[in-house]
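Numbering (the working numbering), first residue to last: 481 to 799.
Backbone N, C-alpha and C define an ideal beta-carbon position, used for all residues, glycine too.
First up is the structure itself, then whatever we jot down about it.
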């Protein structure tokens with residue numbers, strides 16, 4: 481949130497103009513208030529039911545639909561395992577770095593972990609984030625792919641995911657704050673081989689402060705250069721990187737009469753990065769799957785269900 485505030489301070493230095501705008505909005509809101517004559521039954525009953533219905537559809541203020549977005553992690557999986565630990569008699573520890581793995585000297589199998597405080601925790605399985613590298617000696621391909629799980633070490637995906645994150649001052653779709661947009665292959669540039677997915681989030685899902693929008697872009701590619709070119713083409717098609725350049729273009733080519741000029745949102749900040757696709761696996765030391773090119777959480781939820789089923793079945797056999 482501090483980063484967003486720095487952007488706001490940089491792009492909204494003129495406080496007088498913002499004060500004038502807020503006063504105009506307040507006057508407009510006062511002018512459209514319901515008169516006391518209209519505040520009678522059955523209008524009051526209808527309004528009460530409408531408010532109750534909207535509160536049931538979404539828990540976020542100002543949301544226009546029933547779009548779900550995780551606030552405390554990817555698909556609320558952290559809370560899921562925390563609740564499971566409370567129910568099944570486990571231990572849930574947050575913000576505690578792990579400094580090492582405990583290994584059986586004779587067999588070489590995983591035994592537990594050691595925290596930065598020196599505390600040692602023992603378990604039969606260890607589940608890691610996909611960013612951690614597992615030592616080859618700790619995993620054995622004991623689970624076959626036909627059971628729905630894959631060995632972590634043996635899987636090596638050639639494809640990569642090129643992702644982009646943008647912060648803008650306005651929505652790229654009028655009257656729409658949260659949306660998902662697809663650019664089909666070869667719609668942005670001739671060498672675009674896969675679709676580019678754009679996911680826009682606003683302040684009503686607590687993704688950013690009011691007056692800003694966060695846009696996530698992703699595409700799967702075999703060639704990183706081609707993937708970056710596709711994502712950059714999508715950014716150039718949706719956003720404007722310079723306000724002065726737009727004004728110069730308009731003054732150079734004045735619009736004709738009865739012509740609607742579409743102004744692109746201003747790109748305040750952006751970054752691009754690359755992720756490798758690695759399949760997850762379940763063994764004594766396991767890793768979840770890397771994020772793919774899909775901007776939804778179906779794959780993550782399915783992986784969590786598989787891990788939970790294996791944990792429950794293992795606990796039942798142990799008991």
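Residue i (DSSP reduced to helix, strand or coil)
i           : result
residue 757 : coil
residue 591 : strand
residue 571 : coil
residue 669 : coil
residue 596 : coil
residue 646 : strand
residue 612 : coil
residue 528 : helix
residue 723 : For residue 723, the pLDDT reaches just 45, beneath the cut-off of 50, and the residue's location in the model is therefore unreliable, although a value from the coordinates is still provided. It is helical.
residue 676 : strand
residue 602 : strand
residue 656 : coil
residue 790 : helix
Whole-angstrom C-beta distance between residue j and residue i, which should lie under 8 Å
i           : j           : result
residue 595 : residue 578 : 6 Å
residue 714 : residue 663 : 6 Å
residue 704 : residue 644 : So it is not a contact: roughly 13 Å between Cβ atoms.
residue 642 : residue 699 : 5 Å
residue 678 : residue 661 : 4 Å
residue 764 : residue 605 : 6 Å
residue 748 : residue 649 : 6 Å
Residue i: first and last residue of the uninterrupted beta strand (DSSP E) it sits in
i           : result
residue 686 : Segment: none, residue 686 is in no beta strand (DSSP E) and carries neither H nor E.
residue 707 : Run containing residue 707: none in the beta strand (DSSP E); it sits in the alpha helix (DSSP H), 704-718.
residue 698 : 693-701
residue 661 : 659-663
residue 578 : 578-583
Same chain, Cβ closer than 6 Å to residue i, five either side skipped, listed in chain order
i           : result
residue 601 : 592 and 593
residue 766 : 607
residue 564 : none
residue 653 : 659
residue 676 : 663, 699, 710 and 714
residue 639 : 700, 702 and 757
residue 666 : 672
residue 434 : No answer is possible for residue 434: it lies beyond the span of the chain, which begins at 481 and ends at 799.
Cutoff 8 Å; reference residue i; Cβ partners in own chain excluding five residues on either side
i           : result
residue 688 : 484, 647, 681, 682 and 694
residue 669 : 709, 710 and 713
residue 582 : 590, 591, 592, 593, 594, 600 and 602
residue 690 : 683
residue 706 : 671, 672 and 673
Close Cβ partners of residue i (< 7 Å) along its chain, the five nearest in sequence each way excluded
i           : result
residue 584 : 591
residue 708 : 642 and 752
residue 586 : none
residue 674 : 665, 699, 700 and 701
Any non-hydrogen atom of the ligand NAP within 6 Å of residue i CB
i           : result
residue 787 : Looking for the ligand NAP in the displayed structure turns up nothing, as the structure carries no ligands at all.
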